[in-house]
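With my numbering as the guide, the letters of the sequence shown map in order to residues 1 to 248.
We put the beta carbon where it would ideally sit given N, CA and C, even for glycine.
Given the structure is predicted, the values throughout are model-derived calculations rather than measurements.
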Amino acid sequence: MPEKEESVNASGLRGRLRAARSVFVLTGAGVSAESGVPTFRGGGQTAVWKGMPFDVISSAGMVGRDLALVWEWFDYRRGVLQSCRPNPAHETIARWQTSFPQFTLATQNVDGLHTEAGSRGVLELHGNVWRARCLNCEGREDVREKDASVRPPVCRACGGLMRPDVVLFGEMLPEEVWVEAAERAATADVCFVVGTSAIVYPAAGLPAAAKRAGAFLVEVNPEETPLSNICDVTLRGAAGEVLPRLEF
Ligand code: OAD
Numbered sequence: 001m002p003e004k005e006e007s008v009n010a011s012g013l014r015g016r017l018r019a020a021r022s023v024f025v026l027t028g029a030g031v032s033a034e035s036g037v038p039t040f041r042g043g044g045q046t047a048v049w050k051g052m053p054f055d056v057i058s059s060a061g062m063v064g065r066d067l068a069l070v071w072e073w074f075d076y077r078r079g080v081l082q083s084c085r086p087n088p089a090h091e092t093i094a095r096w097q098t099s100f101p102q103f104t105l106a107t108q109n110v111d112g113l114h115t116e117a118g119s120r121g122v123l124e125l126h127g128n129v130w131r132a133r134c135l136n137c138e139g140r141e142d143v144r145e146k147d148a149s150v151r152p153p154v155c156r157a158c159g160g161l162m163r164p165d166v167v168l169f170g171e172m173l174p175e176e177v178w179v180e181a182a183e184r185a186a187t188a189d190v191c192f193v194v195g196t197s198a199i200v201y202p203a204a205g206l207p208a209a210a211k212r213a214g215a216f217l218v219e220v221n222p223e224e225t226p227l228s229n230i231c232d233v234t235l236r237g238a239a240g241e242v243l244p245r246l247e248f
């Protein structure tokens with residue numbers, strides 16, 4: 001029997017999942033790695049762009065300083081995403097939404113691949129690169145419906161300048177989304193944390209909050225993270241291989 005299969009049995013994870021009334025999943029860039037989306041901290045091609053570290057070009061201050069450059073960066077990232085499709089990890093998580101009385105998926109990813117895989121009501125903690133938001137009236141539009149030659153794009157409703165609808169470094173998370181995620185994490189029987197380095201807060205605090213409230217905590221990641229030592233089970237491997245094999 002493969003080692004992972006043994007650890008799933010020995011840990012009691014299967015039993016926990018069969019009995020679970022509420023399951024909470026937090027994902028990060030690693031869940032999209034097998035779709036070809038570069039991670040932030042794995043030396044991928046989004047770590048540095050035009051000599052700028054991603055946390056500088058993706059910072060709140062850049063919107064005020066050079067909004068056109070922020071758009072150039074996000075246009076570049078959308079270009080990278082254009083050919084990326086959901087992988088078996090996204091598809092498995094999408095199937096899980098009907099396997100439990102209550103199921104919540106919160107993601108730090110801005111790529112939209114969970115929704116493309118069929119997940120509904122995804123709590124997008126860091127926004128979505130395919131959406132633009134008006135700096136004036138907060139109106140939101142699909143970037144794909146805007147003229148790509150006009151940067152920054154202009155709001156259809158009020159004519160204001162638009163920015164990517166993504167949470168940048170130094171910004172708060174969208175409040176409603178955050179409150180719902182925190183509530184669901186705190187009432188979960190089982191919490192999965194998949195493909196995240198778990199160092200960007202407040203999102204990284206959700207699994208620990210779930211655990212404190214009594215959830216059984218499972219990590220899926222080929223590498224150790226700061227959360228590993230509080231997890232009840234750590235499944236070391238690629239999400240696209242580990243998750244589809246997790247039968248319960
Ligand atoms: P990171 O790039 O920090 O971490 C990616 C994690 O995925 C690492 O722990 C890898 O070991 C793991 N990983 C790599 N390949 C994997 C695979 N095939 N299956 C499972 N895991 C794999 O990405 P995040 O933790 O998502 O914020 O980063 C958090 C936030 O930092 C992002 O949402 C972004 C960034 O700044 C914003 O854009 C606001």
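Terminal residues of the beta strand (DSSP E) in which residue i lies
| i | result |
| --- | --- |
| GLY127 | 127-134 |
| GLU219 | 216-220 |
| PRO164 | 162-166 |
| SER22 | 22-27 |
| THR92 | Where THR92 is concerned, there is no enclosing beta strand (DSSP E), although the alpha helix (DSSP H) it sits in stretches over 88-96. |
Start-to-end residues for the alpha helix (DSSP H) that takes in residue i
| i | result |
| --- | --- |
| THR115 | 113-116 |
| ASP75 | 67-81 |
| LEU17 | 13-19 |
| PHE54 | 54-57 |
CB contact flag (residue i, residue j, <7 Å)
| i | j | result |
| --- | --- | --- |
| GLY127 | ASP75 | no |
| ASP111 | LEU81 | yes |
| ALA188 | SER32 | no |
| PRO244 | THR92 | yes |
| ALA210 | CYS191 | yes |
| ARG78 | VAL129 | yes |
Chain-order list of residues whose beta-carbon lies under 6 Å from that of residue i (same chain, five-residue window excluded)
| i | result |
| --- | --- |
| ALA204 | ALA198 |
Close beta carbons around residue i, own chain, < 7 Å, minus the five adjacent residues each side
| i | result |
| --- | --- |
| PRO222 | ARG236, GLY237, ALA238 |
| LEU67 | PRO152, LEU161, ARG163 |
| GLY240 | GLU34, ASN87, PRO88, ALA89 |
| ARG184 | PHE24, THR104 |
| GLY15 | none |
| ALA186 | ALA209, ALA210, ALA213 |
| SER119 | ILE93, ALA94, GLN97, LEU105 |
Cβ neighbours of residue i in the same chain (closer than 8 Å, five flanking residues each side left out)
| i | result |
| --- | --- |
| LEU227 | VAL193, ALA198, ALA204, PRO207, ALA208, LEU217, GLU219 |
| VAL122 | LEU105, ALA106, THR107, HIS114, THR115 |
| GLU175 | none |
| GLY170 | SER59, ALA60, GLY61 |
Neighbour flag for residue i against chain D, beta carbons, 7 Å
| i | result |
| --- | --- |
| GLU247 | In the displayed structure, chain D is absent; only one protein chain is listed. |
Quick one: complete beta strand (DSSP E) runs, 3+ long, within the segment 168-200? 190-194
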